[in-house]
Amino acid sequence: MSAAPGGQWTTRPSPYRPPGLRWTLRTQRAWDPLEELGFQLRFGIAAVAGAGWALRRYRAQVVAVFTDLAWGNGRAVIVGGGVAPVLVVMGVVAGAMIGLVGITALDTLGMGPLAGAMSALANPRELAPSSPRSASPPRPDAG
346 MSAAPGGQWT TRPSPYRPPG LRWTLRTQRA WDPLEELGFQ LRFGIAAVAG AGWALRRYRA
406 QVVAVFTDLA WGNGRAVIVG GGVAPVLVVM GVVAGAMIGL VGITALDTLG MGPLAGAMSA
466 LANPRELAPS SPRSASPPRP DAG
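In terms of our numbering, the sequence shown has 466 at position 121, counting the first letter as 1, and numbering is strictly consecutive.
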């Protein structure tokens, strides 16, 4: 181990090779993406394994953090609003947008009054789940 310029310790070996062995640097660089993938895999496994430990040891804090993320902290709607209110606003905006586009498209065919029925029947089932706001997994009965 050697000290890096910032004073931190590093375990990466020195890239220096004697003149006759410089080709070994190329072989080492070939393994770098696989090594990086291994680091990411190890981190992912440690994170998933640590989630159970955190739930057992710090259950109240984990529930408080999830509640804060989902519903916000109640102080500021814009800044700390949470995920659920944002999804509600995005759902209203997506529904209004689909309704406006639907009435425009159906009005060109002379069927403008059917826009309400299209919005009521097609939005929840077909159109809204395919819009970018949808973060939920597909329903089992969806074909």
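Just so you know, even glycine gets a beta-carbon here, dropped at the ideal spot from N, CA and C.
Residue interval of the alpha helix (DSSP H) (run including residue i)
i	result
G444	428-453
L366	Element bounds for L366: n/a, residue is neither H nor E.
S464	460-467
T412	404-416
Residue i, buried or exposed, once every other Cβ within 10 Å from all chains shown has been counted against 16
i	result
G395	exposed
S464	buried
G365	exposed
A460	buried
G488	Because G488 carries a pLDDT of 49, less than 50, the predicted location of this residue cannot be relied on, and the following value inherits that uncertainty. It is exposed - the Cβ of G488 has fewer than 16 other Cβ atoms within 10 Å.
G447	buried
Residue i versus the options, residue with shortest Cα-Cα distance
i	options	result
V431	P378, G417, P358	G417
V437	N468, L370, E381	N468
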